[in-house]
Amino acid sequence: MDNSLINQIGGDTGLEISIRYVRVVRTLSACSRVVIRATAEQALLDEICRTMVTAGGYTHSWVGYALDDEFRTVKPMAKVGFLANNLGIDDVSWSADRPQGQGVFGQAIRSGQPAIIRNARESPTFMAAWREATRIYNYNSVLGLPLVVEGRIIGAIGFYSSESDRFDPQEVALLSEVASDLSHGISVIRMRRERDEAQALLERANHILEQRIGERTAALLAEKERATVTLQSIADGVITTDVDGLVEYLNPVAEQLTGWRSAAARGLALSEVFCIVDDTSRLALADPVQRVLASGAAVSLQGNAVLLGKHGQEFAIEETAAPIRDAAGQVSGVVLAFHDVSRSRQIAAQLSYQASHDDLTGLVNRREFEHRLKQAVQSAAAEDRQHAFIYIDLDQFKIVNDTSGHCAGDELLRTLASLLQNKLRASDTLARLGGDEFGILLENCPAGPATTIAESLRETVGDFRFVWQGNNFTVSLSIGVVNFGGSEMSVSDILSAADTACYLAKENGRNRVHVGHREDQDITIRQSEMHWVSRLRQALQENRLQLYCQKIVPLNSEAVDAGAHFELLLRLRDEEGRLVPPGAFLPAAERFGLMPTIDRWVISSAFANFGQLTPDPTEQLEMCAINLSGASVSDPEFLSFILRELALYDIPTSKVCFEITETVAIANLTQAAALINELRAVGCKFSLDDFGSGMSSFAYLKHLPVDYLKIDGGFVKDMLSDAADAAMVEAINHIGHTMGLRTIAEFVENDAIRARLEALKVDFAQGYGIGKPVPCRHWNIT
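What follows is the structure, given as structure tokens:
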């Protein structure tokens with residue numbers, strides 16, 4: 001112990017040294033012995049704290065290390081005199097900004113100086129939890145001393161006394177010696193530990209080095225043998241040359257691919273043994289060995305390299321050549337490694353073909369066709385060329401599918417693809433665009449020749465008869481033709497114009513060619529339909545659709561059912577509130593896929609107001625006829641929708657009659673029959689509208705289990721002046737009754753027609769002569 005401290009104590013107390021200071025001095029001596037004997041840091045901390053309490057007479061002592069975490073926590077490392085729950089030391093910080101950092105530990109760690117609180121129970125800096133601890137542990141004075149290791153404060157040691165105003169300068173000076181000794185002991189232990197770890201690491205490294213040297217020596221001894229075995233067994237071909245590019249060695253795979261034995265090839269120039277050409281141009285590729293010798297760096301083959309074997313065989317290959325260097329780093333030769341990629345290149349070509357061609361027909365697919373069309377548009381703009389695009393839609397393709405199955409439909413598409421391809425030039429591109437649609441790109445083809453080609457294709461297909469399992473089908477094409485040149489049209493413009501022209505060809509009777517041009521009135525109408533699409537969507541959102549109803553009356557006593565019969569009709573209020581007839585907007589809805597949405601609106605609205613549909617509140621509704629579009633009939637989710645709505649509104653199904661046109665039924669024969677059967681099974685009725693409009697009406701009737709036949713109004717309105725029309729009405733009525741169906745005549749415009757229909761025993765009549773469409777009562781009420 002420093003004699004100056006003894007002298008200082010003597011100066012303050014006279015000749016007698018108080019028992020307290022004697023104990024402190026003895027404690028300091030005991031702590032020094034602890035530090036000298038300590039070999040482990042934790043044991044040192046524990047023993048120092050114990051010594052300060054047992055030998056020093058302090059009530060408590062603990063050591064805490066300062067952490068660099070978010071809260072600058074002081075972590076308890078050793079303690080004596082505290083409970084297991086660390087009450088009083090469990091939330092200590094050395095942050096100046098936190099209440100937990102205002103105690104002696106926080107002050108000592110921040111300042112590096114002793115920190116004393118001589119009356120902890122009254123100290124304003126002591127938190128409530130700490131004051132509670134003073135009561136439990138019976139202490140009132142606290143001293144905190146910093147621990148400094150290698151110039152850095154790592155924490156603090158604290159001493160607690162039950163006395164007030166404890167820790168005068170002399171005692172603090174003595175206890176600072178304890179803190180200094182403890183800091184020195186921690187430093188020595190850490191240095192000793194680092195030294196031991198470094199020594200152990202060095203010994204381990206030496207052991208590993210010796211082991212690796214031994215292993216490397218053994219590996220080097222076997223390396224040549226392994227390399228030889230590897231070259232003999234690997235799947236790649238390997239050729240080595242000397243610094244002049246002369247062959248030294250071929251492994252077995254290289255012998256197999258080149259056709260040369262290693263011994264025979266030794267000393268020859270590589271180009272004599274390893275002859276490679278470009279797969280596309282068939283031009284010789286540069287000697288890879290000479291490229292390596294010239295550059296001193298590794299090289300790889302570029303392009304589609306093909307190796308020509310000695311005996312005429314060919315292999316698609318990929319190869320890499322690299323320099324062989326001696327111990328001085330000088331190039332002493334070249335190693336060439338290559339492998340056969342014929343199979344993978346074949347697969348890649350097949351995948352590329354599949355990505356650009358239609359699986360069914362083998363024709364170019366839509367993506368590839370649009371790519372070629374884009375190139376044609378660019379050439380038209382850059383070189384002022386004239387090209388043409390022909391858009392083809394197969395008429396009545398669904399009839400083949402529905403009556404004979406998809407296998408028949410697929411065979412028809414394959415046959416037509418071959419038929420069309422044989423009529424085109426080699427430079428023309430024929431593609432299947434999807435479903436039963438084809439596209440043809442005629443490059444360098446003005447409008448006149450393009451139209452001639454289109455007519456020729458139409459006539460060729462028109463003369464063709466498709467036969468499947470004894471059934472004979474007539475096939476026809478609806479064709480749209482668009483010419484383009486310069487820069488006035490984009491790819492999307494051309495596709496849209498051709499699609500419109502094809503649609504107009506189909507609308508004008510099918511089996512014809514329509515040439516699209518800017519002044520085409522039909523195209524203007526088509527564009528008007530497109531304008532209606534957005535207006536229709538808005539009308540649906542704003543609930544501007546309206547239901548009308550038209551009477552259907554019985555013509556004879558046998559057809560009488562109690563209550564009123566009506567057909568629901570659709571009207572639309574435009575943005576100005578004006579009434580729009582269905583002919584203005586339904587074609588656009590059908591063309592652009594809005595009919596399923598409209599049909600759902602009609603059904604939901606009708607069912608929700610089922611009791612208020614009839615214009616006359618005194619009339620009891622007996623039958624409500626609701627029209628269904630072809631898109632809804634073919635929608636697989638539509639049946640579920642109807643069944644849900646029927647259940648939701650508890651609709652009496654016997655009063656619901658769904659109408660589909662003959663054209664829709666035939667075009668969707670399988671789906672229509674399934675829908676009819678399912679809804680009739682729950683009590684709904686079905687009516688076949690516009691019957692007689694098709695050429696095969698009677699042939700398909702037996703496949704459709706309907707309840708009513710609506711005789712096409714085109715026959716009814718002229719039946720008094722046209723004997724043929726009268727005969728058709730009579731025939732349809734007779735067939736309907738023979739099959740147990742009730743008949744309804746449309747377009748009954750006067751009493752004379754009505755009387756004639758009554759004479760023919762037609763069951764029901766509908767038309768302006770019976771009653772014009774009027775708003776349903778619900779819409780009048782609201």
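Residue numbers (the UniProt record's numbering): 1 to 782.
By construction, the Cβ of each residue, glycine as well, lies at the ideal position given by its N, Cα and C atoms.
Discussion item. Only counting the same chain, and skipping five residues up and downstream in sequence, which positions put a Cβ closer than 7 Å to that of ARG261?
Written reply: If you number the sequence shown from 1, residue 261 lands on position 261. Result list for ARG261: GLU255, in chain order.
Worksheet item: So, helix, strand or coil for ASP410, using DSSP?
Response: In the sequence shown, the residue the question calls residue 410 occupies position 410. Looking at ASP410 - three-state DSSP - the assignment turns out to be helix.
Worksheet item: Under the three-state reduction of DSSP, which class applies to GLN550: helix, strand or coil?
Response: Here residue 550 refers to the residue found at position 550 when the sequence shown is read from its first residue. In the structure shown, GLN550 sits in a strand (DSSP, three-state: E or B).
Worksheet item: Excluding five sequence neighbours on each side, which residues of the same chain lie with their C-beta closer than 7 Å to the C-beta of ASP725?
Response: What you label residue 725 is simply residue 725 of the sequence shown in a count that begins at 1. Closer than 7 Å at the Cβ level, and outside the excluded window around ASP725, lie PHE715, ASP718, MET719.
Worksheet entry | ARG510 and ASP395 closer than 7 Å at C-beta | Within the sequence shown, the letter at position 510 stands for residue 510. Within the sequence shown, the letter at position 395 stands for residue 395. In this structure, ASP395 lies closer than 7 Å to ARG510 by Cβ.
Worksheet item: Where in the stretch 31-98 do unbroken runs of the alpha helix (DSSP H), each at least 4 residues long, occur, reported from the N-terminal end onward?
Response: 41-54
Discussion item. Does the contact criterion of 3 or more C-beta pairs under 8 Å hold for the stretch 104-112 versus the stretch 62-78?
Written reply: yes
Discussion item. By the three-class DSSP mapping on this structure, what secondary structure does PHE473 have?
Written reply: Here residue 473 corresponds to residue number 473 of the sequence shown, with the count starting at 1. Of the three classes helix, strand and coil, the one that applies to PHE473 here is strand, per DSSP.
Discussion item. Would the stretch 498-518 count as touching the stretch 546-556 if we require 3 or more Cβ pairs under 8 Å?
Written reply: no
Discussion item. Quick check on the burial criterion: 16 or more other C-beta atoms within 10 angstroms. Buried or exposed for GLY593?
Written reply: On the sequence shown, residue 593 is found 593 positions in, with the first residue counted as 1. That one is exposed.
Worksheet item: Taking one C-beta from the stretch 320-330 and one from the stretch 293-307 each time, how about it: are there three or more such pairs within less than 8 Å?
Response: yes
Worksheet item: Apart from the five residues just before and just after VAL664, which ones in its own chain have a Cβ nearer than 8 Å to its Cβ?
Response: As a working note, residue 664 is residue 664 in the sequence shown. The residues are LEU628, SER629, GLY630, VAL633, ALA672.
Practice prompt. Please work out which residues of its chain come closer than 6 Å, Cβ to Cβ, to ILE392, disregarding the five sequence neighbours upstream and downstream, and give them in chain order.
Written response: Counting from one through the sequence shown, the residue named residue 392 turns up at place 392. Closer than 6 Å at the Cβ level, and outside the excluded window around ILE392, lie PHE438, LEU477, ILE479.
Fill in: Whole-number beta carbon distance between LEU572 and PHE585, since they are thought to touch under 8 Å
In the sequence shown, the residue the question calls residue 585 occupies position 585. In the sequence shown, the residue the question calls residue 572 occupies position 572. That belief holds up - the Cβ atoms of PHE585 and LEU572 are roughly 6 Å apart, short of 8 Å.
Discussion item. Pairs of beta-carbons, one from the stretch 361-381 and one from the stretch 424-440, closer than 8 Å: are there three or more?
Written reply: yes
Fill in: ASP689, buried or exposed, once every other Cβ within 10 Å from all chains shown has been counted against 16
Position 689 of the sequence shown holds residue 689. Flag for ASP689 reads buried.
Worksheet entry | For VAL335, the nearest candidate out of LEU360, ILE153, LEU250 (CA to CA) | Counting from one through the sequence shown, the residue named residue 335 turns up at place 335. When only C-alpha atoms are compared, the closest one is LEU250.
Practice prompt. Could you check if ASP763 is buried or exposed, using at least 16 other CB atoms within 10 Å of its CB as the buried criterion?
Written response: Looking up residue 763 in the sequence shown gives position 763. Buried is the call here.
Discussion item. Quick check: the Cα distance between ARG465 and CYS445, rounded to an integer number of angstroms?
Written reply: On the sequence shown, position 465 is the one that residue 465 refers to. On the sequence shown, position 445 is the one that residue 445 refers to. Spanning the two alpha carbons is a distance of roughly 30 Å.
Discussion item. Could you tell me the alpha carbon to alpha carbon distance between GLN546 and ALA355, rounded to whole angstroms?
Written reply: The count along the sequence shown starts at 1 and reaches residue 546 at position 546. The count along the sequence shown starts at 1 and reaches residue 355 at position 355. Rounded to whole angstroms, GLN546 to ALA355 spans 48 Å at the Cα level.
Fill in: Euclidean distance between Cα positions of TYR58 and GLU210
Working through the sequence shown from its first residue, we reach residue 58 at position 58. Working through the sequence shown from its first residue, we reach residue 210 at position 210. Roughly 57 Å between the two C-alpha positions.
Discussion item. Across the stretch 590-607 and the stretch 640-659, are there enough close Cβ pairs to call them in contact, namely three or more that are closer than 8 Å?
Written reply: yes
Worksheet entry | alpha helix (DSSP H) segments (min. 4 residues) lying fully within the stretch 656-698 | 662-667, 669-681
Item to complete: Name the two residues that bound the continuous beta strand (DSSP E) containing GLN113.
Response: The residue you call residue 113 lines up with position 113 of the sequence shown. Run containing GLN113: none; DSSP gives neither H nor E here.
Discussion item. Quick check on ASN140: buried or exposed, where buried means 16 or more other Cβ atoms within 10 Å of its Cβ?
Written reply: The sequence position of residue 140 within the sequence shown is 140, counting from 1. With 16 or more other Cβ atoms within 10 Å, it is buried.
Fill in: 3 or more residues per run - each beta strand (DSSP E) lying fully within the stretch 138-205
141-149, 152-161
Item to complete: Give a yes or no on whether the C-beta atoms belonging to GLY185 and ALA40 are separated by under 7 Å.
Response: Counted from its first residue, the sequence shown places residue 185 at position 185. Counted from its first residue, the sequence shown places residue 40 at position 40. No, the pair does not count as a contact, with Cβ atoms beyond the cut-off.
Item to complete: Could you tell me how far apart the beta carbons of PRO705 and ILE676 are, in whole angstroms, since I believe they sit closer than 8 Å?
Response: Looking up residue 705 in the sequence shown gives position 705. Looking up residue 676 in the sequence shown gives position 676. At roughly 6 Å, the Cβ-Cβ gap stays under 8 Å, so PRO705 and ILE676 are in contact.
Discussion item. Could you compute how far the alpha carbon of ILE208 sits from the alpha carbon of GLY214?
Written reply: As a position in the sequence shown, residue 208 is number 208, starting the count at 1. As a position in the sequence shown, residue 214 is number 214, starting the count at 1. About 10 Å.
Discussion item. Between the stretch 381-388 and the stretch 485-501, can you find at least three pairs of beta-carbon atoms closer than 8 Å?
Written reply: yes
Fill in: Reference ASP91; option with closest CA among GLY64, PRO146, ALA328, PHE397
To locate residue 91, count along the sequence shown from 1; it is residue 91. Per the Cα distances, GLY64.
Worksheet entry | Euclidean distance between Cα positions of LYS685 and VAL656 | Against the sequence shown, residue 685 aligns to sequence position 685. Against the sequence shown, residue 656 aligns to sequence position 656. Distance between the alpha carbons of LYS685 and VAL656: 6 Å.
Item to complete: Please check the pair ILE453 and LEU442, which I expect to be a contact at CB under 8 Å, by giving their CB distance rounded to whole angstroms.
Response: As a position in the sequence shown, residue 453 is number 453, starting the count at 1. As a position in the sequence shown, residue 442 is number 442, starting the count at 1. About 7 Å; that satisfies the 8 Å criterion.
Fill in: Close Cβ partners of PRO114 (< 6 Å) along its chain, the five nearest in sequence each way excluded
For the purposes of this step, residue 114 is identified with residue 114 of the sequence shown, where counting begins at 1. Within the same chain, PRO114 has close Cβ partners LEU145, VAL172.
Fill in: First and last residue of the uninterrupted beta strand (DSSP E) at ARG345
Position 345 of the sequence shown, counted from the start, is the residue given in the question as residue 345. From DSSP, ARG345 is part of no beta strand (DSSP E) but of the alpha helix (DSSP H) over 342-356.
Worksheet item: How many angstroms separate the CA atom of VAL482 from the CA atom of PHE397?
Response: Counted from its first residue, the sequence shown places residue 482 at position 482. Counted from its first residue, the sequence shown places residue 397 at position 397. Their backbone Cα atoms lie some 24 Å apart in a straight line.
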